[in-house]
Amino acid sequence: MALSPLSTSSTVPLSCGLQIPICGLGTSHDGGFSYDAIVYALTECGVRHLDTAKRYGCEEELGKAIEESGLARSDLWLTDKLWLEDHGYKAAKKACLDSCSKMGVKYFDLYLMHWPGSQKPGCSNREMRAETWRALEELHEEGVCRAIGVSNFMVHHLEQLKEDCSVIPHVNQVEYHPFQQHSHLMEYCQQEGIVFEGYSPLAKGQVLNNPTVLHIAAKHRRTPAQICIRWSIQNGVVTIPKSTKKERIQENFNVFDFQLEDEDMAMLRGLHDGRHVTWDPTNVE
Ligand SMILES: NC(=O)c1ccc[n+]([C@@H]2O[C@H](COP(=O)([O-])OP(=O)(O)OC[C@H]3O[C@@H](n4cnc5c(N)ncnc54)[C@H](OP(=O)(O)O)[C@@H]3O)[C@@H](O)[C@H]2O)c1
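Following full-length UniProt numbering, the numbering of the sequence shown begins with 1 at its first residue and continues without gaps.
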């Protein structure tokens, strides 16, 4: 079998002309934040893509860790997300600029609407999404957000946004692991030129004891986490595993020197059971 062309610096092209690194490091309010692990990831593991959100409450610390790493801003891909309370034109613009200043940066490489539902009484979710998106379109034009996208958007949300707005999202970040594969949504995104980015690639740890995953891991002498991350990127899906532990970050990014075979990919594809380990946006109007 030919060696995989994927490497730590592999990227996926976005419709706006940028290239997003295929593997990034997640951060989250869930399970804690480690400043030292972020610095280690940037300085020792070659990590060049960080995913965060206002909701996670770690923007300031993340900004400081980036500064400590000594990396140039231009060498790093930074994704941030606005929270539900920031839906609406004015609120979205303010949220983005506030997040930039919290992190000590002038721009985000990617800025996402975190969730399709709003909490604004008297306004439909659809109206709020369109208003919020208008703000993101302007932030994109102004260069504050080099790419803009959405998260947890299902096909009906994307269809409505297409009718209501002018820029098609560059990215849709959605839960993606062997138990949750979103094949229909993925096909739709591909057809519309929207890059499909997967979050919770380890199903928050739930997939790591699965017998099929363990079997494939033993066969390749790799860990179950490495199998799941490799599976995502071999499917062309941008992935953002999260860990607060240095040795696990090292492990999770050490997935570029082996390749899953077609039969492994097929076995992992067969694990889909539709479960969500985070939140399920299917019924958000
Ligand atoms: N857009 C959205 O709505 C949304 C929702 C959820 C997540 N996300 C993004 O996606 C990122 C990842 O998702 P996630 O944190 O939900 O789930 P995940 O990456 O699937 O799993 C993280 C969990 O697995 C553990 N872990 C990490 N590497 C491991 C390894 N090699 N071996 C064993 N356990 C390991 C972590 O614990 P330790 O930290 O203790 O290592 C943590 O408990 C988040 O950080 C966030 O940036 C986005």
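All residues carry an ideal CB built from backbone N, CA and C; glycine is no exception.
Within the region 118 to 174, the complete beta strand (DSSP E) segments of 3 residues or longer fall at 145 to 151, listed in chain order. Put simply, of H184, N210 and G193 the residue whose alpha carbon is nearest the alpha carbon of H170 is G193.
Straight-line measurement puts the Cα of H140 at about 31 angstroms from the Cα of N252. In this model, M186 and F196 are separated by some 6 angstroms (Cα to Cα). The beta carbon of L202 sits closer than 7 angstroms to at least one heavy atom of ligand 1. At least one heavy atom of ligand 1 lies less than 7 angstroms from the C-beta of T223.
Closest option to N283, judged by alpha-carbon separation, among E163, D30 and N152: N152.
When Cβ pairs closer than 8 angstroms are counted between the two stretches, the region 14 to 33 is seen to touch the region 43 to 58, the count reaching three or more.
According to the DSSP secondary-structure assignment, I20 is paired through a beta bridge with V12. F179 sits away from R222, with the two beta carbons spaced by 8 angstroms or more. Contact check for T244 against G63 fails: the beta carbons are separated by 8 angstroms or more. Apart from sequence neighbours up to five positions away, the residues of its chain that approach R55 with a beta-carbon distance below 8 angstroms are H29, K81, W83 and H114, ordered along the chain. Between Q173 and L271, the C-beta gap is not smaller than 8 angstroms, which leaves the two residues out of contact. The nearest non-hydrogen atom of ligand 1 is 7 angstroms or more from the C-beta of R269.
For the set T132, D264 and A130, the Cα lying nearest the Cα of H215 is the one of D264. Y40 has its CB no nearer than 7 angstroms to any heavy atom of ligand 1. The criterion of a C-beta distance shorter than 8 angstroms is satisfied by H157 and R129. In the DSSP annotation of this structure, D109 is not part of any alpha helix (DSSP H); the continuous beta strand (DSSP E) holding it starts and ends at F108 to M113.
If you check the CB distance, S166 and G198 do not come in under 8 angstroms. Here DSSP, grouped into helix, strand and coil, assigns W83 to coil.
Ranked by Cα distance from V144, the options E159, H184 and L97 are led by L97. In the same chain as E137, and ignoring 5 residues on each side of it, the C-beta atoms closer than 6 angstroms to its own belong to V167, in chain order. Rounded to whole angstroms, the Cβ separation of I227 and P241 is 12 angstroms, and the two are not in contact under 8 angstroms. Beta bridge pairing from DSSP links E197 with Q173 and V238. Under the three-state reduction of DSSP, D262 is assigned to helix. Inclusion of N252 in the 7 angstroms shell around ligand 1 follows from its C-beta lying nearer than that to a non-hydrogen atom of the ligand. With fewer than 16 other Cβ atoms from the protein chains shown falling within 10 Å of its own Cβ, A72 counts as exposed. Short note on G205: C-beta closer than 7 angstroms to some heavy atom of ligand 1.
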